[in-house]
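If you read the sequences in order, they're chains W and S. First residue of the first sequence: 35, per our numbering; consecutive thereafter. First residue of the second sequence: 44, per our numbering; consecutive thereafter.
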Amino acid sequence: MSSLIGFLSLVFAIGINFYLILSRYIFKFKKQRFNFSIRLSSLLTLLSFFSLMYAYVTSDFSNYNVFQNSHSDKPLIYKISGTWGNHEGSMLLWLCMLSIFSFLFSFSKNIENNFQKLTLIIQAFLHILFGLFIVFTSNPFLVNSIFVDEGLGLNPILQDPGLAVHPPILYAGYVGYSIVFSIAIAGLFQNTDDEWLYVAKKWSLISWTFLTGGIALGSYWAYYELGWGGWWFWDPVENISLMPWIAGLALVHSLIMVRGEQAIKKWIVFLSILCFSLSVFGTFLVRSGILTSVHSFAADASRGIFILLIFFIITGFGFLVFLLKEPKKSNNLNLFFINKVSALLINNILMIIATLTILLGTIYPIIIEVLYNKRISVGGPYFNSTVIPIMIPGFLLMSIAPILSWQTNKINNSKKYVLGFIILSILVLIQSYFLDFNTWGFIGLLLGFWIILASIIAIFTSYKIKLNIKFFKIINPHIAHIGVGIAIVGITCSSVFQNELDFNLIEGDEFTVNGKTVLFEKIETTNQINFQALRGKFLYDIEKNLSKKIEAGKNYYPVSKMITSEAGILHQWNKDIYFILGDQKNNEWFVKVLINPFVSFIWLGVIVMMYSGLIAVTRR
Amino acid sequence: MNRIIILTPLVILLIICIFSLTYLLSGKDPNKPPSALLNKDVPSFDSISLYNAKETIKTIDIKNKKTLINFFASWCSPCKIEHPLFFEIRKKYPKLYLLGFNHKDQTADAKKYLEDDGNPYDFVGVDSDGLIALEFGVFGLPETYLINEDGKIIYKYMGPITKDILKNEIEPLL
Numbered sequence: 035m036s037s038l039i040g041f042l043s044l045v046f047a048i049g050i051n052f053y054l055i056l057s058r059y060i061f062k063f064k065k066q067r068f069n070f071s072i073r074l075s076s077l078l079t080l081l082s083f084f085s086l087m088y089a090y091v092t093s094d095f096s097n098y099n100v101f102q103n104s105h106s107d108k109p110l111i112y113k114i115s116g117t118w119g120n121h122e123g124s125m126l127l128w129l130c131m132l133s134i135f136s137f138l139f140s141f142s143k144n145i146e147n148n149f150q151k152l153t154l155i156i157q158a159f160l161h162i163l164f165g166l167f168i169v170f171t172s173n174p175f176l177v178n179s180i181f182v183d184e185g186l187g188l189n190p191i192l193q194d195p196g197l198a199v200h201p202p203i204l205y206a207g208y209v210g211y212s213i214v215f216s217i218a219i220a221g222l223f224q225n226t227d228d229e230w231l232y233v234a235k236k237w238s239l240i241s242w243t244f245l246t247g248g249i250a251l252g253s254y255w256a257y258y259e260l261g262w263g264g265w266w267f268w269d270p271v272e273n274i275s276l277m278p279w280i281a282g283l284a285l286v287h288s289l290i291m292v293r294g295e296q297a298i299k300k301w302i303v304f305l306s307i308l309c310f311s312l313s314v315f316g317t318f319l320v321r322s323g324i325l326t327s328v329h330s331f332a333a334d335a336s337r338g339i340f341i342l343l344i345f346f347i348i349t350g351f352g353f354l355v356f357l358l359k360e361p362k363k364s365n366n367l368n369l370f371f372i373n374k375v376s377a378l379l380i381n382n383i384l385m386i387i388a389t390l391t392i393l394l395g396t397i398y399p400i401i402i403e404v405l406y407n408k409r410i411s412v413g414g415p416y417f418n419s420t421v422i423p424i425m426i427p428g429f430l431l432m433s434i435a436p437i438l439s440w441q442t443n444k445i446n447n448s449k450k451y452v453l454g455f456i457i458l459s460i461l462v463l464i465q466s467y468f469l470d471f472n473t474w475g476f477i478g479l480l481l482g483f484w485i486i487l488a489s490i491i492a493i494f495t496s497y498k499i500k501l502n503i504k505f506f507k508i509i510n511p512h513i514a515h516i517g518v519g520i521a522i523v524g525i526t527c528s529s530v531f532q533n534e535l536d537f538n539l540i541e542g543d544e545f546t547v548n549g550k551t552v553l554f555e556k557i558e559t560t561n562q563i564n565f566q567a568l569r570g571k572f573l574y575d576i577e578k579n580l581s582k583k584i585e586a587g588k589n590y591y592p593v594s595k596m597i598t599s600e601a602g603i604l605h606q607w608n609k610d611i612y613f614i615l616g617d618q619k620n621n622e623w624f625v626k627v628l629i630n631p632f633v634s635f636i637w638l639g640v641i642v643m644m645y646s647g648l649i650a651v652t653r654r
Numbered sequence: 044m045n046r047i048i049i050l051t052p053l054v055i056l057l058i059i060c061i062f063s064l065t066y067l068l069s070g071k072d073p074n075k076p077p078s079a080l081l082n083k084d085v086p087s088f089d090s091i092s093l094y095n096a097k098e099t100i101k102t103i104d105i106k107n108k109k110t111l112i113n114f115f116a117s118w119c120s121p122c123k124i125e126h127p128l129f130f131e132i133r134k135k136y137p138k139l140y141l142l143g144f145n146h147k148d149q150t151a152d153a154k155k156y157l158e159d160d161g162n163p164y165d166f167v168g169v170d171s172d173g174l175i176a177l178e179f180g181v182f183g184l185p186e187t188y189l190i191n192e193d194g195k196i197i198y199k200y201m202g203p204i205t206k207d208i209l210k211n212e213i214e215p216l217l
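So, in structure tokens, the structure goes:
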């Protein structure tokens, strides 16, 4: 029953959107009626999504999708997250997000009536494309042809609280760019005033903040669930989320420039189209099964071709409009040797180069396989040695960019910055002398601390310190950059100064990690609701009374016959001690211990960035 | 000049789409070979026979033999589907060494399964705790690996093999 309701409301929602597009040319709706229709279609899409969720929660195995991906033993949270833990459901979630954004946009004020209408028409067009994709190739409401009383279970690797919320947040970011895209296209068509740029800024900030959160959650999950001790692997799926993120960052920064200049309008439109194109391209790469990863549920060529077509239509349409309706020429940029405009411009160019570099590395294996029928993989070494050096000048620039002037090339208080930089360099040099010297470590630490320091100097010298909301809004760009600085310090320390120790241990053994004695207490197996757990129990720092317990091991999921590794992590503010339980041989267990310094700084940096993203939404 | 710059995204889009489309139409399935183990040495294993605990099989025993390794279990229904194909392989390629690993199974169930459906394997190793499967990176049952004479994994397939797969993908390698 719920499947039927879900399917019908999905079809009706698509129908209404068809009607809306026709309405523009045939029926000529009044504003109220138009808005009513768009909201109705959004609500129907939501209803469709919630009926699927209801089928999951009630373990309605007469729905084929639920049968394939759920199991009645699963805890409630994974029944709910199972809704989007599969291809069909996640596409429905995508459509649902699109509807939510249209819904919210239909309420936004201060926008010219026709402009808002046109934007929503483009949204309706996107809704139809993805809606038809779901109905024809990925219908989550198919009826199960056999009668069963148990499901096949959710991929155990997805049974994790962090991962349960990761897709909706990430999608909110991806799909949020659809509004930015629609606004930009509408802006091209109407080409009236520049009011739409401010609207675009708000929505691109919202999308970017969600995208940041989504990527960070996925990354954090990879860190503790995959058990490899790292948090970023340059996996194709990570790359495709990083591309719209960087392009979105460039977009947000370009939109700041609008205040001063006009000539970059063209550039903004380009970035707006690019961001959403990259989001759709990412969806295509993951959903077509061209790339394998935990995200590709099932490879199906027809799906791939359909979604490639959608990608082609959206991106082609976007760039074609861009070509034909090119924004009017306006006054030239006010470029000095170093002022805010040139700094932002350089930063934009660097970000686009970085995006293209990642794009090349991600699709290169596909090109090679088509041309030479050979499978290669492009991994960390390529990205580390290309993307990071490209970003470094941008990072250097961003430490001082917010205090540069719009018009002149003078930096106030420049002496303080020079002094600060010299002192910092000496400190980092001394620090790296005592630890093993490492070039990347040195550069990373200097860069990270310099961004933080320069931002702090800027806050203290350029503004009157007041503790009210307005002040925090004014210094927000600096806060965002401090967040980046913190993250860079965390990234550098955890990757360059990571320490790995290997042990072969019998139960009861004591061993030394980081100068502290650790006791390998015992191995324990327990039966949980939906899995069997094998845990090695460790006591860290047994000399103290308050020794910490660490559990590392594996889970065995009998329903899907899968084993997942569960790292045991002891979080401390300055380091994570990361235990991985390996295999057993002749009573001896292989135990790997990783010491990851300052990992927490990465997550802290991300939180700061997200905070400032949210603050920026409220600021005009 | 300006036009050319604005045309670039469209050109890039076209190139990306052409390559992706060719890739999709060529019927390549990334689920087949992307195992990290492909072209790597076969992981070391050490197992006993299902029928006789004194008989063992180790990595060294399959040296210089072309070997097909199949992970199966009596509880795995897709395994039952692919099972008859191993008799065909056996008949057609008598030199190929067929090694089955009985994955997380009860000995009695496994024996009964091989009695009912027949035993195509040269050797049935026991992987009761799933450790060998773990080393091979087995994702789900059944899974099939082809190992060449140098002890390198040259082919991997997840899921039950079919006549088409046998004909188009495995036989060319034999």
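Using N, Cα and C, we set each Cβ at its ideal position, and we do this for glycine too.
### Query
Are Ala220 (chain W) and Val303 (chain W) closer than 8 Å when you measure CB to CB?
Taking the first sequence and counting its residues from 1, one reaches residue 220 (chain W) at position 186. Taking the first sequence and counting its residues from 1, one reaches residue 303 (chain W) at position 269. Not closer than 8 Å, so no.
### Task
Can you pull the chain W residues whose beta carbon is under 7 Å from the beta carbon of Pro52 (chain S), in chain order?
Along the second sequence, read from residue 1 onward, the residue named residue 52 (chain S) stands at position 9. The contacting residues are Phe353.
### Task
Starting from Leu166 (chain S), follow the beta strand (DSSP E) in both directions and report where the run begins and ends.
Along the second sequence, read from residue 1 onward, the residue named residue 166 (chain S) stands at position 123. The amino acid occupying residue 166 (chain S) in the given sequence is Phe; Leu does not appear at that position. Counting along the chain, the beta strand (DSSP E) containing Phe166 (chain S) begins and ends at Phe166 to Asp170.
### Task
To the nearest angstrom, report how far apart Trp484 (chain W) and Ala435 (chain W) are at their CA atoms.
Walking along the first sequence from the start, residue 484 (chain W) turns up at place 450. Walking along the first sequence from the start, residue 435 (chain W) turns up at place 401. Rounded to the nearest angstrom, the two C-alpha atoms are 13 Å apart.
### Query
Taking C-alpha atoms, which residue in S:Gly168, S:Val54 and S:Ile124 lies nearest to Leu93 (chain S)?
As a first step, residue 93 (chain S) must be located in the second sequence, where it is residue number 50. When only C-alpha atoms are compared, the closest one is S:Gly168.
### Message
Looking at the strands, I want to know which residues DSSP matches up with Ile584 (chain W).
### Response
To locate residue 584 (chain W), count along the first sequence from 1; it is residue 550. Note: Ile584 (chain W) sits in a beta bridge opposite W:Phe572.
### Per-residue DSSP class, three states only, for Gln606 (chain W)
Stepping through the first sequence from its first residue, residue 606 (chain W) is reached at position 572. DSSP places Gln606 (chain W) in coil when its eight states are reduced to three.
### Task
Can you tell me which of the three DSSP states Ser142 (chain W) falls into?
If you number the first sequence from 1, residue 142 (chain W) lands on position 108. When secondary structure is reduced to three states using DSSP, Ser142 (chain W) falls in the coil class, being assigned neither helix nor strand.
### Phe494 (chain W) burial status per 10 Å Cβ neighbour count (16 or more: buried)
The residue you call residue 494 (chain W) lines up with position 460 of the first sequence. Classification of Phe494 (chain W): exposed, given that the 10 Å Cβ count is below 16.
### Task
Under 7 Å between beta-carbons, which chain S residues line up against Phe223 (chain W)? List them in chain order, please.
Locating residue 223 (chain W) in the first sequence gives position 189, counting from the first residue. Result: empty, since nearest Cβ-Cβ is about 17 Å, beyond 7 Å.
### Task
Reducing DSSP to helix, strand and coil, say where Asp159 (chain S) ends up.
Within the second sequence, the letter at position 116 stands for residue 159 (chain S). Helix.
### Query
So, are the CB atoms of Ser599 (chain W) and Ile614 (chain W) less than 8 Å apart?
Stepping through the first sequence from its first residue, residue 599 (chain W) is reached at position 565. Stepping through the first sequence from its first residue, residue 614 (chain W) is reached at position 580. In this structure, Ile614 (chain W) lies closer than 8 Å to Ser599 (chain W) by Cβ.
### Touching by the beta-carbon criterion (3+ pairs, under 8 Å), the stretch 52-66 of chain S and the stretch 345-358 of chain W
Yes, the stretch 52-66 of chain S is in contact with the stretch 345-358 of chain W.
### Task
Inspect the beta-carbon positions of Tyr200 (chain S) and Ile324 (chain W) and report whether they are closer than 8 Å.
Taking the second sequence and counting its residues from 1, the one referred to as residue 200 (chain S) is at position 157. Taking the first sequence and counting its residues from 1, the one referred to as residue 324 (chain W) is at position 290. No, the Cβ-Cβ distance between Tyr200 (chain S) and Ile324 (chain W) is not below 8 Å.
### Task
Give the straight-line distance between the Cα atoms of Phe345 (chain W) and Phe318 (chain W), rounded to the nearest whole angstrom.
Numbered from its first residue, the first sequence carries residue 345 (chain W) at position 311. Numbered from its first residue, the first sequence carries residue 318 (chain W) at position 284. Roughly 7 Å separates the two Cα atoms.
### Expected contact under 8 Å - CB spacing of Glu585 (chain W) and Gly602 (chain W) to nearest Å
Counting from one through the first sequence, the residue named residue 585 (chain W) turns up at place 551. Counting from one through the first sequence, the residue named residue 602 (chain W) turns up at place 568. That pair is a contact at about 5 Å.
### Query
Pairing CB atoms from the stretch 335-343 of chain W with CB atoms from the stretch 204-215 of chain W, are three or more of them under 8 Å?
For the pair of segments examined, the stretch 335-343 of chain W was found not to touch the stretch 204-215 of chain W: the number of CB pairs separated by less than 8 Å stays below three.
### Query
How many whole angstroms separate the CB atoms of Phe356 (chain W) and Ile49 (chain S), which I take to be in contact at a CB cut-off of 8 Å?
For this step, residue 356 (chain W) is matched to residue 322 along the first sequence. For this step, residue 49 (chain S) is matched to residue 6 along the second sequence. Indeed they touch by this definition, with Cβ atoms about 7 Å apart.
### Task
Give every residue of the same chain whose Cβ lies closer than 7 Å to the Cβ of Pro77 (chain S), excluding the five residues on either side of it in the sequence, and list them in chain order.
Against the second sequence, residue 77 (chain S) aligns to sequence position 34. In this prediction, Pro77 (chain S) has a pLDDT of 45, which is less than 50 and means its spatial position is unreliable; what the coordinates show is noted afterwards. So no residue of the chain qualifies.
### Message
What are the residues in the stretch 598-626 of chain W lying within 8 Å of chain S by C-beta distance?
### Response
Asp617 and Gln618
### Message
Measuring straight from C-alpha to C-alpha, what distance separates Leu23 (chain W) and Tyr232 (chain W)?
### Response
Any property of residue 23 (chain W) remains undetermined from this structure, which presents chain W solely from 35 to 654.
### Message
Which residues in chain W have a C-beta closer than 8 Å to the C-beta of Ile59 (chain S)? List them in chain order.
### Response
Counted from its first residue, the second sequence places residue 59 (chain S) at position 16. The answer, in chain order, is Phe315 and Ile397.
### Task
Please confirm whether Ala116 (chain S) and Lys147 (chain S) have their CB atoms less than 8 Å apart.
If you number the second sequence from 1, residue 116 (chain S) lands on position 73. If you number the second sequence from 1, residue 147 (chain S) lands on position 104. Their beta carbons are under 8 Å apart, which means Ala116 (chain S) touches Lys147 (chain S) by this criterion.
### Enclosing beta strand (DSSP E) for Pro215 (chain S) [first to last residue]
To locate residue 215 (chain S), count along the second sequence from 1; it is residue 172. Run containing Pro215 (chain S): none; DSSP gives neither H nor E here.
### Query
How long is the line joining the alpha carbons of Phe663 (chain W) and Val214 (chain W), rounded to whole angstroms?
Residue 663 (chain W) lies beyond the range of chain W shown here (35 to 654); nothing can be said about it.
### Message
Less than 6 Å between C-beta atoms, sequence neighbours within five positions excluded: which residues of the same chain meet that for Thr110 (chain S)?
### Response
To locate residue 110 (chain S), count along the second sequence from 1; it is residue 67. Contacts found: Tyr140, Leu142 and Ile190.
### Message
According to DSSP, simplified to helix, strand and coil, what is Phe52 (chain W)?
### Response
In the first sequence, counting from the first residue as 1, residue 52 (chain W) sits at position 18. If DSSP states are grouped into helix, strand and coil, Phe52 (chain W) belongs with the helices.
### Message
When you compare the CB of Leu305 (chain W) with every CB in chain S, is at least one pair closer than 8 Å?
### Response
Residue mapping note: residue 305 (chain W) aligns to position 271 of the first sequence, counting from 1. No, no contact with chain S.
### Message
Would the stretch 178-185 of chain W count as touching the stretch 89-103 of chain W if we require 3 or more Cβ pairs under 8 Å?
### Response
yes
#### Entry: Residue span of the alpha helix (DSSP H) that contains Phe164 (chain W), given as start and end
Translated into positions along the first sequence, residue 164 (chain W) becomes position 130. Run containing Phe164 (chain W): Asn147 to Thr171, per the alpha helix (DSSP H) assignment.
### Message
Can you list, in chain order, the residues of its chain with a C-beta nearer than 8 Å to that of Lys113 (chain W)? Leave out the 5 residues immediately preceding and following it.
### Response
Here the question's residue 113 (chain W) lines up with position 79 in the first sequence. Cβ within range, chain order: Tyr90, Val91, Ser93 and Ser104.
### Message
For chain S, check one thing: does any of its Cβ atoms lie closer than 8 Å to the Cβ of Ile649 (chain W)?
### Response
Position 615 of the first sequence holds residue 649 (chain W). Interface residue (Cβ-Cβ distance to chain S less than 8 Å): Ile649 (chain W) is not classified as such.
#### Entry: Where Gly338 (chain W) meets chain S, residues with beta-carbon distance less than 7 Å
Translated into positions along the first sequence, residue 338 (chain W) becomes position 304. Those within 7 Å of Gly338 (chain W) in chain S are Leu67.
### Task
Evaluate Ile48 (chain W) with the Cβ neighbour count: other Cβ atoms within 10 Å of its Cβ, from every protein chain shown; 16 or more gives buried, anything less gives exposed.
Walking along the first sequence from the start, residue 48 (chain W) turns up at place 14. Per the 10 Å Cβ criterion, buried.
### Query
For Phe62 (chain S), which residues in chain W fall below 8 Å Cβ to Cβ?
For this step, residue 62 (chain S) is matched to residue 19 along the second sequence. Chain W residues near Phe62 (chain S): Ile397, Ile400, Ile401 and Val404.
### Message
By DSSP's criteria, Phe315 (chain W) is part of a beta bridge. Which residues make up the other side?
### Response
To locate residue 315 (chain W), count along the first sequence from 1; it is residue 281. Its beta-bridge partners do not exist; DSSP assigns none.
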